[in-house]
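Residue numbers (our numbering): 791 to 953.
Below: one structure, written as structure tokens.
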């Protein structure tokens, strides 16, 4: 693949520090069904997950992205149970209790509980979403009054911490 790129004309990206742990308003901007790592390595374990891309839509971290992974199919019944509970929490938070497709959950503001955890890959601090709640009525009204282009401004340098 040919690049024809001149790195002298573009400032290098800077590593982003994790967001401070707390409650943030965010929404799902993308979702994708993926195979689990074990299945990719050719092991007999079956597994699929939904990877949700979340975007913070207000406050000092507006535009930042976070990712959550929900186990849909796994050899571990406990992993599937936790995945179903998390998906239920997301459905209740966005107000769509019987989504036909993952896209039915997109672009609906919710309150996210964000914590700082250690990356399983390299031990570095990363953000994880540990809770989903509906927005309070006042917050919901305020977010809905913002023009759509102000709600979701992607940051090109955001990539999932797992690569």
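Ideal Cβ placement from N, Cα and C applies to all residues, glycine included.
Quick caveat, the model's predicted, so the values are computed rather than measured.
Cβ neighbour criterion (16 or more within 10 Å) applied to residue i
i: residue 794; result: exposed
i: residue 954; result: Nothing about residue 954 can be read from this structure; the chain reaches only from 791 to 953.
i: residue 826; result: buried
i: residue 845; result: buried
i: residue 799; result: exposed
i: residue 839; result: buried
i: residue 912; result: exposed
i: residue 803; result: exposed
i: residue 823; result: exposed
Nonlocal neighbours in the same chain, by C-beta distance under 6 Å from residue i, ignoring five residues either side
i: residue 879; result: 922
i: residue 896; result: 818
i: residue 864; result: 837, 870
i: residue 881; result: 887
Cutoff 7 Å; reference residue i; Cβ partners in own chain excluding five residues on either side
i: residue 858; result: 842, 844, 919
Expected contact under 8 Å - CB spacing of residue i and residue j to nearest Å
i: residue 904; j: residue 856; result: 7 Å
Proximal residues to residue i (C-beta, below 8 Å), its chain only, five neighbours per side dropped
i: residue 894; result: 886
Across the stretch 891-904 and the stretch 803-823, are there enough close Cβ pairs to call them in contact, namely three or more that are closer than 8 Å? yes
Beta strand (DSSP E) runs contained entirely in the stretch 858-913, provided each spans 3 or more residues: 900-908
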